[in-house]
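These notes are about the structure you will find just below.
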Amino acid sequence: MQLSEIGKLAEIYWHEIPLRFPFAAIDEFVVMPDHIHGIIIINKQDDNGSCSDRDAINRVCTDVGGVTGVKNPMLSDNLSRIVRWYKGRVSFESRKIHADFMWHSRFYDHIIRNDEALQRIRNYVKNNPSKWAR
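Numbering-wise, the sequence shown is residues 1 to 134 according to full-length UniProt numbering.
In C-alpha cells, the structure reads:
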C-alpha cells in the first residue's frame, strides 16, 4: 500500500513508541487508508514481579502527582497512555497537512494470550492490505 504523507507520519511515530515508552515493544504494524493495525507488547511487571492480563493493560498509577497529591492516571504506564500519545503526535503533525484530520475517538484492544494467537494476529495485520480492495 502506498502511504500518504499522513500515513508516513503514522509509521514514523509508531517506530518512536519504544523510545518514548521503554516498557513497550512494537511488533507487526500496517497503515491502512483510514486506520492502522499494530501489536504493542507491554513489558511491565507489578511490584510483586508478576504480570496479569488486564492489569498489564490497565494498570493504575501509584505515583502521587501535583499539589493535590491525587494519583494521576495520565501518568500510568499502560496501553491507553501509549495510544493517547501516538494519536496525539500523529494528529498534531497531520493537521499541518490537513487541518481537518481526526482519529476515531476510541481504539480496539485485545489481549494476546499465547504464541498461536500472536502468530494468527500477526498474519491478519500483515495480510490486511490485500483484503482492503475486496
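Beta carbons are placed, not taken as given, at the ideal position from N, Cα and C, and that holds for glycine. As the structure is a computational prediction, the values presented were derived from the model and not from experiment.
Exposed is the label assigned to Ile12, since fewer than 16 other Cβ atoms lie within 10 Å of its Cβ. The stretch 14 to 22 makes no contact with the stretch 116 to 124: fewer than 3 CB pairs, one atom from each, lie closer than 8 Å. Between the beta-carbon of Glu5 and that of Ile121 there is about 28 Å, and that puts the pair past the 8 Å contact cut. Nearest in C-alpha terms to Leu79, of all of His35, Glu16, Ile42 and Arg95, is Ile42.
Checking the DSSP bridge columns, you'll see His37 partnered with Val30. The beta carbons of Val83 and Phe107 sit closer together than 7 Å.
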